Every structure is written in C-alpha cells, then in structure tokens.
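Trainee: Protein sequence lines correspond, in order, to chains A and B.
In the working numbering, each residue carries its 1-based index in the first sequence increased by 48.
In the working numbering, each residue carries its 1-based index in the second sequence increased by 48.
For every residue, glycine included, the Cβ atom is placed at its ideal position computed from N, Cα and C.
On a predicted model such as this, the values are computed, not experimentally measured, just so you know.
Protein chains: 2
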Amino acid sequence: MSDPDFWMSARREHRLVFLLNVAHRRLQRWIAAQTQQSGVTAAQSGLLFVLGQRDGVLMGEAGAALDLGPPGISGLVDRMTAANLIKRRADPDDGRAWRLWLTPAGRAALAQSKAGLAEVNARLTAGFSEAEIDVVARWLTSLQSKFPKGEDE
Amino acid sequence: MSDPDFWMSARREHRLVFLLNVAHRRLQRWIAAQTQQSGVTAAQSGLLFVLGQRDGVLMGEAGAALDLGPPGISGLVDRMTAANLIKRRADPDDGRAWRLWLTPAGRAALAQSKAGLAEVNARLTAGFSEAEIDVVARWLTSLQSKFPKGEDE
DNA sequence: GACATTTATTTCGCATGCGAACTATCTACA
DNA sequence: TGTAGATAGTTCGCATGCGAAATAAATGTC
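#1: Starting from A:VAL135, trace the beta strand (DSSP E) both ways and give me its first and last residue.
#2: Would A:LEU188 and B:LEU67 qualify as a contact pair, given that the criterion is a beta-carbon distance under 8 Å?
#3: To the nearest angstrom, how far is it from the Cα of A:ALA22 to the Cα of B:ASP126?
#4: Between which two residues does the alpha helix (DSSP H) harbouring A:ALA131 extend?
#5: Helix, strand or coil, according to DSSP, for A:LEU106 in the structure here?
#6: The beta strand (DSSP E) spanning A:LEU150 covers which residue range?
#7: Where does A:GLY117 fall in DSSP's three states?
#8: Tell whether a beta-carbon distance below 8 Å holds between A:GLN192 and B:ARG74.
#9: For the structure I just gave you, are there three or more beta carbon pairs, one from the region 111 to 127 of chain B and one from the region 82 to 98 of chain B, closer than 8 Å?
#10: Quick one, are the C-beta atoms of B:ASP139 and B:LEU106 less than 8 Å apart?
#11: Between B:ASP142 and chain A, is the shortest Cβ-Cβ distance under 8 Å, so that the two count as touching?
#12: Specify the secondary structure class of B:PHE54 as computed by DSSP and reduced to three states.
#13: In chain order, what residues of the same chain lie with their CB nearer than 7 Å to the CB of A:ALA110, ignoring the 5 residues before and after it?
#14: Just grab the DSSP bridge partners of B:ASP142 for me.
#15: Check the Cβ-Cβ distances between A:VAL125 and every residue of chain B, and say whether any is below 8 Å.
#16: Of all the CB atoms in chain B, is at least one closer than 8 Å to the CB of A:SER190?
#17: Considering only their Cβ atoms, is the gap separating B:ASN169 from A:LEU64 smaller than 8 Å?
#18: How is the alpha helix (DSSP H) around B:GLN92 delimited, first residue to last?
#19: Out of B:ARG144, B:ALA159 and B:HIS72, which one is the CA nearest neighbour of B:LEU101?
#20: With a threshold of 6 Å on Cβ separation, who are the neighbours of A:SER86 within its own chain once the five nearest residues in sequence on each side are excluded?
#21: For A:PHE176 and A:ARG137, I'd like the C-alpha separation in whole angstroms.
#22: Grab me the residues of A:ASP103's own chain with a C-beta within less than 7 Å of its C-beta, minus the 5 sequence neighbours each way, in chain order.
#23: Along the chain, where does the alpha helix (DSSP H) that runs through A:SER193 open and close?
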C-alpha cells in the first residue's frame, strides 16, 4: 500500500476528529506502559490526583472533577478499591453517599504518578511555545462547551 | 462543594492530559448521540471513511489508517459486519488476509456520517482562527511521534 | 406522618481498544 | 524440499466509560 496515512490526506475537516482520537489513545497507551510497574493507569491516577487535593471527597464530586458519569466513577472506584489504592467509607451524614480516601499505597502511587506526569508533560509541550500551548489548552477547553453533556444544551 | 472544577486549577502541567482526555470523551459522546438513529458510532464511521476512499482494503491497512492494532480493527470489523455495514471477503492472493468492502447500507451510513462530520467540524473550529486551528492540528499530530507505539521509539 | 420527588450510587449491557498469546498461511533459505 | 521465521488475523482478559434502568436514602409537600 505504501501510503499508510492516506487518511491524513483526507479533507481538512475530517482530520481534527481523527487526530484527537489518535492523540488520546497514543497518550493513554504511553501512560499505561510507563506506569506498568506501579499498576496505576491514567484514569486511576486522575482520581489519585483528585484525592491528593481533597481526600474524603464524595464519589459524585470526584466524578464531576474528572468529568465522569456515575457508572464511570463507580467502576473506577471499584477497581481502585480492589487494588487497595483507595478506601470507600460511608458518609456519616448521608446514607446514600460514600467518601473516598487514599490508602498508604494510594499515596505512594500518587507520588509516583506525579513524577511520571512531569515527564509526560515535558513531551506534551516540547516544540511548542507558551503561546501555542495556550491556544491548544484553550481549544481543548472550548470543546467542553461545544460538546456538552446531556441537558447543558 | 461549589467548586466542581478544582481539578482545573491544578498545576499547569497536569491540565493538558486531563483536557485531552475530557475533550476526547465529550466528542465521542456527542457523536454517539448524534448518530444514534443511524446506529453508527464514531469509530465505525472512521472505518466507513477509509473504505469510502479505498474500498476493498486489507484489514491491516485499515487498522494502520485508523491507528488501530490488530485486536482493535478485528473487533470493529466484527461489529460492523454484524451490523451489515461492511463485508469481509478473503483475499484471492493471500489465504491469511481479508479485504473489507462497503455494503449498500454502509454506503448510506457513510453519506450520513459525512453530513454529521461537517456539523462536528464546524463546532470544533468555531471561535478559532485558521492559524490557531493549524497550531492545534500540528500539536495533535506531534503527539504521534512523542508517544510512539511500540518499537517506533 | 405519608407520599412524591430528587439525589447518590449501583448494575447491566454495550462499544472501544489495549497487550499477550495463539492459529494459519506465506516466504526464504539451506 | 523442508523447515525456520515473518506476517495476517483471531481470541482472551482487561480497563474504560457510556446510557438506561434499578435501588436506596433524603427532602419537600400536602
């Protein structure tokens, strides 16, 4: 075939969706490989970061912080609880709610994740100026209002 | 909590990974909702586009075009074959290989996807200049070499 | 106080896509 | 020719995360 990237030569408006998709998967795959020894995935380190800032947060709050719906955060918490990274404790004031807490292992994993993220970020920004990265960040952020979830319209 | 986006105020180097992740999911979710009636998902329309340009492509070639590994393209083809969007026919010259062909239903779905993608692209680029979109596209593309798959190093 | 509504979380079935291991076929080389 | 190695796909188990529906507890209303 000798033209493995003919997709890339497709019409301009087709590319951004594809590029975003590929970039996302490349990054996820990379992080998964990097954190293989620690056993923590990209999504899991996201929750570790949240708890690092606000230990004891409600599940729903953690989900909102990570832009995850109820099933997403529920599954993530299940896996991380099974891996002994976090603990789930009932909220004393609300029988429906659960609060999430880092375990010692979770704290250690968070420290490792922080170091790994520094490396990832260095790669993410390499070759681009501050101003360009700001454009990128602004564009990525803009997608949240352009493609709202549910009733946000 | 009244501060649902405290994650967003995290250190600057933590944000791009998160923003990319969220942007990707928002977009996927949006496309899934839009194409609900046609029953075609974002990943599936990707393969439709590839076949629209090169009907009869090898599975491996389609996977390369979409940046999918063997299991990824295999599963996608399974689902799309079951949905009668594409057909899998043995390559006459290579007993290991299969070639993919659009069905009439697949062609119709492709036409619908093209229209939908125009709408998506309008949103993706809204509020940003050509030059800014170019920066974004260049940045997204750069991730492919910064986070290579496997042995590419 | 009882009942309707809202809210927090879980469960189910699904699509996506990965790495590792497997099967089948083809190619090259001795 | 015969066998070692490369190549095309498949399968398995997993993580991720969605929408829809269920469960359970809190809240508001009459």
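Mentor: Quick answer:
#1: As a working mapping, residue 135 of chain A is identified with position 87 in the first sequence. Before going on, a small fix: residue 135 of chain A reads as Lys here, not Val. Going by DSSP, A:LYS135 is part of the beta strand (DSSP E) stretching over 134 to 138.
#2: Counted from its first residue, the first sequence places residue 188 of chain A at position 140. Counted from its first residue, the second sequence places residue 67 of chain B at position 19. For the 8 Å CB-CB criterion, A:LEU188 and B:LEU67 form a contact.
#3: Nothing can be reported for residue 22 of chain A: it is not among the residues displayed for chain A, which extend from 49 to 201.
#4: One-based indexing of the first sequence puts residue 131 of chain A at position 83. No alpha helix (DSSP H) contains A:ALA131, which DSSP labels as neither H nor E.
#5: Here the question's residue 106 of chain A lines up with position 58 in the first sequence. Here A:LEU106 sits in strand by DSSP.
#6: Within the first sequence, residue 150 of chain A is the residue found at index 102, counting from 1. Counting along the chain, the beta strand (DSSP E) containing A:LEU150 begins and ends at 146 to 150.
#7: As a first step, residue 117 of chain A must be located in the first sequence, where it is residue number 69. In this structure, A:GLY117 counts as coil in the three-state DSSP scheme.
#8: To locate residue 192 of chain A, count along the first sequence from 1; it is residue 144. To locate residue 74 of chain B, count along the second sequence from 1; it is residue 26. A contact, by the Cβ cut-off of 8 Å.
#9: Touching, per the Cβ criterion.
#10: Against the second sequence, residue 139 of chain B aligns to sequence position 91. Against the second sequence, residue 106 of chain B aligns to sequence position 58. Taking 8 Å as the cut-off, the beta carbon of B:ASP139 is found closer than this to the beta carbon of B:LEU106.
#11: In the second sequence, counting from the first residue as 1, residue 142 of chain B sits at position 94. Put simply, the CB of B:ASP142 is far from chain A, with every gap to its CB atoms at 8 Å or more.
#12: For the purposes of this step, residue 54 of chain B is taken as the residue at position 6 of the second sequence. In this prediction, B:PHE54 has a pLDDT of 46, which is less than 50 and means its spatial position is unreliable; what the coordinates show is noted afterwards. Helix at B:PHE54.
#13: One-based indexing of the first sequence puts residue 110 of chain A at position 62. Cβ neighbours of A:ALA110 beyond the five flanking positions: LEU95, VAL98, ILE121 and LEU148.
#14: Counting from one through the second sequence, the residue named residue 142 of chain B turns up at place 94. Paired residues: B:ASP139.
#15: Residue 125 of chain A sits at position 77 when you count from the first residue of the first sequence. No, no contact with chain B.
#16: As a position in the first sequence, residue 190 of chain A is number 142, starting the count at 1. With its beta carbon less than 8 Å from one in chain B, A:SER190 belongs to the interface.
#17: As a working mapping, residue 64 of chain A is identified with position 16 in the first sequence. As a working mapping, residue 169 of chain B is identified with position 121 in the second sequence. Taking 8 Å as the cut-off, the beta carbon of A:LEU64 is found closer than this to the beta carbon of B:ASN169.
#18: To locate residue 92 of chain B, count along the second sequence from 1; it is residue 44. Following the DSSP letters along the chain, one finds B:GLN92 inside the alpha helix (DSSP H) bounded by residues 90 to 101.
#19: Indexing the second sequence from 1 puts residue 101 of chain B at position 53. For the record, residue 101 of chain B in the displayed sequence is Gln; it is not Leu. Per the Cα distances, B:ALA159.
#20: Within the first sequence, the letter at position 38 stands for residue 86 of chain A. Residues of the same chain with a CB within less than 6 Å of the CB of A:SER86, apart from the 5 flanking positions on each side, are ALA157 and GLN160 in chain order.
#21: In the first sequence, the residue the question calls residue 176 of chain A occupies position 128. In the first sequence, the residue the question calls residue 137 of chain A occupies position 89. In this structure, the CA atom of A:PHE176 is about 44 Å from the CA atom of A:ARG137.
#22: Counting from 1 along the first sequence, the entry for residue 103 of chain A is found at position 55. So the qualifying residues of the chain are TRP149 and LEU150.
#23: As a first step, residue 193 of chain A is located in the first sequence; it is residue number 145 there, counting from the start. 178 to 194 is the extent of the alpha helix (DSSP H) around A:SER193.
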